[in-house]
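**Student:**
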Amino acid sequence: MKKSIVVSIAASLMLVTPYVSAEDTLPLKAVNRAGEVIDAALEAYGGTEAIANLNSVVRKSHFTTWATNQSRSPGPPWDQNEQMSFSAIDFENETFVTKNKGSGNGFDFNLSQIIEGEEGWQVNYRGGTVTPIAEPDFNTTTGPFIRVTAPLLVKQLQNRRQTSHWLGEVEFEGRPHDVITLVMEVGPALSLYFDKETHLLSRSERVLPPFGQVDYRFTNYETVDGIPFSKTFKLFVNDEPNIYIDIKATKVNQSIKNHAVVPKDLELVEVAPPPPTEVELQEIKEGVFLVGAGNTYAMFVEMDDHIIAVGGTAGIPDRIKTLREKVKDKPIKYGVMTHHHNDHVLGVPAYQAEDAVVLTVKEHEAVMRAAATDADSLKLQFVKDKYVFDDGNRKLEIIDIGPTPHSKHLLVAWLPEEGILFEADHFPNPTNGRMQPAQGVTKRLAEAIDTMGLDVKFIVGAHSPRIASIDDLRRSLALRPVKLTQISP
Ligand SMILES: [Zn+2]
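For the sequence shown, this note's numbering begins at 69 and goes up steadily by one.
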């Protein structure tokens with residue numbers, strides 16, 4: 069029965085016209101015009117064959133990055149950081165190597181990632197360790213490199229042209245452009261701007277929650293083995309500069325095997341166990357709780373008739389909910405915000421909803437109000453150097469240890485009787501307790517502890533479920549960066 073219907077439809081179409089010509093609908097036009105733009109782009113990038121045969125790309129670059137809402141001060145101009153970067157991709161062998169060396173926010177890094185088919189490794193040159201990657205994913209890992217390399221985006225269009233739609237024609241920098249979409253294996257769709265005359269990619273755009281509009285600019289084209297590569301690249305997030313890349317060298321279609329060698333002289337270590345995925349409550353000492361999951365944690369301190377919350381990272385409402393299973397009725401009267409970085413003020417609306425007073429420094433007032441549900445009604449208490457809570461039975465001190473290499477002002481919470489210190493972003497504390505050589509921020513934290521003569525026994529933080537001991541801090545301070553190799557292509 070079904071078969072005969074299909075046959076009859078086909079037969080009737082045959083009677084009308086010798087070829088199938090659908091009505092020129094908007095979607096059909098979008099697909100057809102995207103096809104034309106892709107064909108012209110392939111020509112401009114050296115031809116269909118050259119792009120199909122473009123199997124490996126090696127690039128060495130200098131990055132300038134802007135720490136938007138993550139600088140030492142709460143507003144612009146944002147801190148500018150530099151790093152050297154090296155990337156090598158080989159599609160046929162599903163091999164990808166990246167190296168990044170630089171510093172920012174009071175942290176130094178010298179890292180490499182190697183993916184070779186089913187195997188992968190994280191190399192930490194600073195810490196002197198190699199860690200196997202449990203489930204290496206070539207597509208996800210190579211995405212950021214492909215998105216900043218125009219011929220590789222054109223190669224994606226060649227392989228995934230069925231995902232592409234023409235969105236329209238726009239003026240960009242005084243020149244007419246066709247805008248078409250590309251859906252990569254992973255992530256939200258990209259909109260690509262091709263110059264109508266040169267058929268080269270000038271710009272790409274995508275919307276990436278929670279960041280917003282991410283805008284990529286390809287400039288200063290230069291031909292390498294017959295394929296045009298942009299030598300400079302700019303990335304904007306919500307119209308603010310985020311990354312500028314200055315490409316120092318590009319090589320194509322050479323073996324990248326020698327770059328994918330895992331260093332033998334570094335220590336092979338197991339990956340740290342993942343943090344809990346469900347919110348967990350740990351009672352560090354009676355009435356002092358560390359509550360969180362993933363990489364965000366808050367400390368709740370029980371006072372005689374209320375609770376003081378410390379930390380404002382993601383998921384505060386869930387952490388309060390879990391706390392309520394243990395401490396049912398005492399109201400949260402205060403919420404302490406460690407600093408102004410955008411991932412540490414997410415808790416402001418949650419504390420406002422609890423009708424709590426938010427503790428911060430005067431310099432961070434505007435950021436806190438901007439983060440609130442209602443800026444005007446947010447109750448604030450400013451900390452000048454130190455603010456002490458004391459109900460006669462328990463003492464909690466909120467101390468500004470700034471300036472640090474991470475933030476001009478940084479509030480830590482200190483329980484002198486219990487010897488517990490809560491900090492954010494200054495003491496990396498991996499779940500397996502394997503300490504790395506102390507970063508600049510950690511040295512500053514240790515210095516503050518010494519200067520104030522705090523008898524610290526435990527350190528807990530905004531990004532770890534682990535309760536560290538003072539010995540962990542000492543061990544970190546005693547370690548020296550193992551090896552500072554140069555990035556060599
Ligand atoms: Zn921070």
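Each residue gets a CB set at the ideal place from its N, CA and C atoms; glycine is no exception.
My assumption, with CB atoms under 8 Å, is that F206 sits in contact with R194. Please give the rounded CB distance.
**Tutor:** Their Cβ separation, rounded to whole angstroms, is 26 Å, which puts F206 and R194 out of contact at 8 Å.
**Student:** Using DSSP with H/G/I as helix, E/B as strand and the rest coil, what is H267?
**Tutor:** Coil at H267, not helix or strand.
**Student:** Taking the continuous beta strand (DSSP E) assigned at R285, which residues delimit it?
**Tutor:** Run containing R285: 280-292, per the beta strand (DSSP E) assignment.
**Student:** List the endpoints of the continuous beta strand (DSSP E) containing T322.
**Tutor:** Here residue 322 turns out to be Gln, not Thr, going by the sequence shown. Premise fails: Q322 is in no beta strand (DSSP E) and is neither H nor E.
**Student:** Please classify D107: does DSSP put it in a helix, a strand, or coil?
**Tutor:** Helix, per DSSP.
**Student:** Quick one: Cα of I106 to Cα of L225, how far?
**Tutor:** The straight-line gap from Cα to Cα measures roughly 7 Å.
**Student:** State the DSSP-derived secondary structure class of E486, mapped to helix, strand or coil.
**Tutor:** Here E486 sits in coil by DSSP.
**Student:** Which residues bound the alpha helix (DSSP H) around Y419?
**Tutor:** Note, Y419: alpha helix (DSSP H), 416-421.
**Student:** Considering K37, what are the terminal residues of the alpha helix (DSSP H) in which it resides?
**Tutor:** Only positions 69 to 557 of the chain appear in the structure, and residue 37 is not among them; the question remains open.
**Student:** Out of P204, L269, S544, state which residue places its alpha-carbon closest to the alpha-carbon of T16.
**Tutor:** The structure shown does not extend to residue 16, since the chain is modelled only from 69 through 557, so no value can be given for it.
**Student:** For a test of the three-state rule: what should DSSP assign to M436, helix, strand or coil?
**Tutor:** M436: helix per DSSP, three-state reduction.
**Student:** Just to check, is the beta-carbon of S171 closer than 7 Å to a non-hydrogen atom of ligand 1?
**Tutor:** Because no heavy atom of ligand 1 lies under 7 Å away, the Cβ of S171 does not count as near it: no.
**Student:** Which term fits K223, buried or exposed, when burial requires 16 or more other beta carbons within 10 angstroms of its beta carbon?
**Tutor:** It is buried - the Cβ of K223 has at least 16 other Cβ atoms within 10 Å.
**Student:** Comparing the CB of H477 with every heavy atom of ligand 1, is any distance shorter than 7 Å?
**Tutor:** Checking every heavy atom of ligand 1 against the Cβ of H477, none is found closer than 7 Å.
**Student:** Could you pull the DSSP bridge partners for K463 from this structure?
**Tutor:** In DSSP, K463 forms a bridge with D458.
**Student:** In terms of alpha-carbon separation, which member of T132, R387, F450 lies closest to Q350?
**Tutor:** Of the listed residues, the one whose Cα sits closest to Q350 is R387.
**Student:** Are the CB atoms of A506 and L547 nearer to each other than 8 Å?
**Tutor:** Against a cut-off of 8 Å, the Cβ pair of L547 and A506 comes out as a contact.
**Student:** Applying the criterion that 16 or more other CB atoms from any shown protein chain within 10 Å of the CB defines a buried residue, is Q138 buried or exposed?
**Tutor:** Flag for Q138 reads buried.
**Student:** Evaluate V126 with the Cβ neighbour count: other Cβ atoms within 10 Å of its Cβ, from every protein chain shown; 16 or more gives buried, anything less gives exposed.
**Tutor:** By the 10 Å Cβ count, V126 comes out buried.
**Student:** Assign E184 to buried or exposed, taking buried as 16 or more other Cβ atoms, counted over all protein chains shown, within 10 Å of its Cβ.
**Tutor:** Buried, by the Cβ-count rule.
**Student:** Determine whether the beta carbon atoms of G188 and P204 lie at a separation below 8 Å.
**Tutor:** Cβ atoms of G188 and P204: closer than 8 Å.
**Student:** Report yes or no: is there a C-beta of chain C within less than 8 Å of the C-beta of E431?
**Tutor:** Among the chains of the structure shown, chain C does not appear; only one protein chain is present.
**Student:** Regarding H233 and ligand 1, is the C-beta to nearest heavy atom distance less than 7 Å?
**Tutor:** Because no heavy atom of ligand 1 lies under 7 Å away, the Cβ of H233 does not count as near it: no.
**Student:** Rounding to the nearest angstrom, what Cα-Cα distance links S298 and A102 in this structure?
**Tutor:** Each residue's Cα considered, the two are about 22 Å apart.
**Student:** Could I get the ranges of all uninterrupted beta strand (DSSP E) runs contained in the segment 141-180, with 3 residues as the minimum, in chain order?
**Tutor:** Segments of the beta strand (DSSP E) lying fully in the segment 141-180: 148-158, 163-172.
**Student:** From this set, K447, M405, L334, which residue's C-alpha is nearest V14's C-alpha?
**Tutor:** Not covered by the structure: residue 14. The range shown for the chain is 69 to 557.
**Student:** Would you kindly report the start and end of the unbroken beta strand (DSSP E) that includes T199?
**Tutor:** Residues 197-200.
**Student:** Short of 6 Å in beta carbon distance, which residues of its chain neighbour K319, apart from the five on each side in sequence? Order them along the chain.
**Tutor:** Excluding residues within five positions, the ones whose Cβ falls inside 6 Å are V126.
**Student:** Would you kindly work out how many angstroms separate the C-alpha atoms of G379 and P296, rounded to a whole number?
**Tutor:** Going by the C-alpha atoms only, they are around 49 Å apart.
**Student:** Let me know the secondary structure DSSP gives N100 once reduced to three states.
**Tutor:** In this structure, N100 counts as helix in the three-state DSSP scheme.
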